[in-house]
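Visitor: Structure provided below as structure tokens; questions to follow.
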Amino acid sequence: MNYRHIYHAGNFADVLKHLVLSRLIVYLQQKDKAFRVLDTHAGIGLYDLSSDEAQKTGEWLEGIGKVIDAELPDKVAEIMAPYLDAVKALNPDRKPGGPLVKYPGSPKLSRDLFRPQDRLSAMELHPEDSRALSRLFEGNFQVRVTELDGWLTLNAHLPPKEKRGIVLVDPPFEIEGEYERLVDGLAKAHRRFGNGVYCLWYPIKKGAPIKEFHEALQALGIPKMLCAELHVKSDREQTGLSGTGLVIVNPPFTLKDEMHLALPELKRLMAQDRYASHRCFWLRGED
0 MNYRHIYHAG NFADVLKHLV LSRLIVYLQQ KDKAFRVLDT HAGIGLYDLS
50 SDEAQKTGEW LEGIGKVIDA ELPDKVAEIM APYLDAVKAL NPDRKPGGPL
100 VKYPGSPKLS RDLFRPQDRL SAMELHPEDS RALSRLFEGN FQVRVTELDG
150 WLTLNAHLPP KEKRGIVLVD PPFEIEGEYE RLVDGLAKAH RRFGNGVYCL
200 WYPIKKGAPI KEFHEALQAL GIPKMLCAEL HVKSDREQTG LSGTGLVIVN
250 PPFTLKDEMH LALPELKRLM AQDRYASHRC FWLRGED
């Protein structure tokens, strides 16, 4: 209840998460049929990077700030275009090289990428943040905001009536046991909505039980789980976030190849020391 994403909006973890989210949305839009995005920990939806909170940490400067104007290989630029174009559209008066002012959270990014038939269910437990999210989407019939513990979404709101969708689970990892809750939550959700696309975010830092987390996911027996990780610095002598990871369940068949192209560029642009690295691999599935 104390977490505020404004301090971290637009950081390197957001860049990877939102790039992948944009690719999932674009892929599902290859069919005319509607789909729903369920965002379990939605936040306030739109962030002011000129605010005191964002300026205090300046994390966006090492994230989207490094990427927004970067020269990219043609194929990578094409992969990143939906995401970067959505960010640029929120900053219409900005000149190349100038500071960003607005940055979209996952619900705003999703909505800005939608077609008329697509829908968003955004869950946010914190009362103040939920009210801010409701104000952001007031009158928007494609979006439903609910003040709710996002973990309950994985039972109460699945499957969506569209029978197609993306479930983004992005908890703040404020309390112990979040890795285990991700595993348990996925197990329950997958039983209800087995053909859904799930995107699970997790932090990488010194002492994090990543190996055990991956093994617990593998033990669920879900056929296709892709993992993408970006490490921007060593965790050997530092505390705090050194990397970011995503597990994508039922990923588009194109996603791994897209990540193999994009991740090296993200590492090049956002590396904070010489130990930066990346990897994309199947936890279960194609290999």
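Residue numbering for the sequence shown follows the numbering used here, starting at 0 and increasing by one per position. Ideal Cβ positions, reconstructed from N, Cα and C, are used throughout, including at glycine. Everything numeric in this text was worked out from a predicted model, so none of it was measured.
Is Tyr-274 buried or exposed, if buried means 16 or more other CB atoms sit within 10 Å of its CB?
Guide: On the sequence shown, position 275 is the one that residue 274 refers to. By the neighbour-count rule (16 or more Cβ atoms within 10 Å), Tyr-274 is not buried but exposed.
Visitor: Just curious, the alpha helix (DSSP H) that Thr-152 is in, first and last residue?
Guide: Here residue 152 refers to the residue found at position 153 when the sequence shown is read from its first residue. Looking at the DSSP string, the run of the alpha helix (DSSP H) that includes Thr-152 is 149-155.
Visitor: Report the rounded CA-to-CA distance for Leu-132 versus Leu-119, giving the unit in angstroms.
Guide: Reading the sequence shown from its first residue, position 133 is the one you call residue 132. Reading the sequence shown from its first residue, position 120 is the one you call residue 119. The straight-line gap from Cα to Cα measures roughly 12 Å.
Visitor: Can the beta-carbon of Ile-67 be found closer than 8 Å to that of Leu-45?
Guide: On the sequence shown, position 68 is the one that residue 67 refers to. On the sequence shown, position 46 is the one that residue 45 refers to. Result no, Cβ atoms of Ile-67 and Leu-45 do not sit closer than 8 Å.
Visitor: Using the Cα positions of Pro-81 and Lys-187, report the straight-line distance between them to the nearest angstrom.
Guide: Sequence index remark: in the sequence shown, residue 81 carries index 82 (1-based). Sequence index remark: in the sequence shown, residue 187 carries index 188 (1-based). Cα to Cα, the separation comes out at about 32 Å.
Visitor: CA-CA distance, Arg-235 and Lys-205?
Guide: For this step, residue 235 is matched to residue 236 along the sequence shown. For this step, residue 205 is matched to residue 206 along the sequence shown. The alpha-carbon atoms of Arg-235 and Lys-205 are separated by roughly 7 Å.
Visitor: Ends of the alpha helix (DSSP H) at Pro-106?
Guide: In the sequence shown, the residue the question calls residue 106 occupies position 107. 105-112 is the extent of the alpha helix (DSSP H) around Pro-106.
Visitor: Return the CA-CA distance between Thr-253 and Tyr-102, expressed in angstroms with no decimal places.
Guide: Along the sequence shown, one-based indexing puts residue 253 at 254. Along the sequence shown, one-based indexing puts residue 102 at 103. If you take the alpha carbons of Thr-253 and Tyr-102, they lie about 27 Å apart.
Visitor: In three-state terms, what does DSSP make of Arg-35?
Guide: Here residue 35 is taken as the residue at index 36 of the sequence shown, counted from 1. Arg-35 falls in the strand class under three-state DSSP.
Visitor: For the stretch 51-69 and the stretch 268-283, state whether three or more C-beta atom pairs, one from each stretch, are separated by less than 8 Å.
Guide: Contact between the stretch 51-69 and the stretch 268-283 is present, because at least three Cβ pairs lie under 8 Å.
Visitor: Give me the residue from Gly-284, Phe-172, Asp-51, Asp-272 with the minimum Cα distance to Ala-218.
Guide: Locating residue 218 in the sequence shown gives position 219, counting from the first residue. Measuring from the Cα of Ala-218, the nearest candidate turns out to be Gly-284.
Visitor: Express the C-alpha separation of Tyr-201 and Trp-281 in angstroms, rounding to a whole number.
Guide: In the sequence shown, the residue the question calls residue 281 occupies position 282. In the sequence shown, the residue the question calls residue 201 occupies position 202. About 16 Å.
Visitor: Rounding to the nearest angstrom, what Cα-Cα distance links Val-248 and Gln-54 in this structure?
Guide: The residue you call residue 248 lines up with position 249 of the sequence shown. The residue you call residue 54 lines up with position 55 of the sequence shown. Roughly 35 Å between the two C-alpha positions.
Visitor: Along the alpha helix (DSSP H) that carries His-17, what are the first and last residues, could you check?
Guide: As a first step, residue 17 must be located in the sequence shown, where it is residue number 18. Per DSSP, His-17 belongs to the alpha helix (DSSP H) from 11-27.
Visitor: Looking at the structure shown, is Arg-278 part of a helix, part of a strand, or coil, going by DSSP?
Guide: Working through the sequence shown from its first residue, we reach residue 278 at position 279. Correct three-state label for Arg-278: strand.
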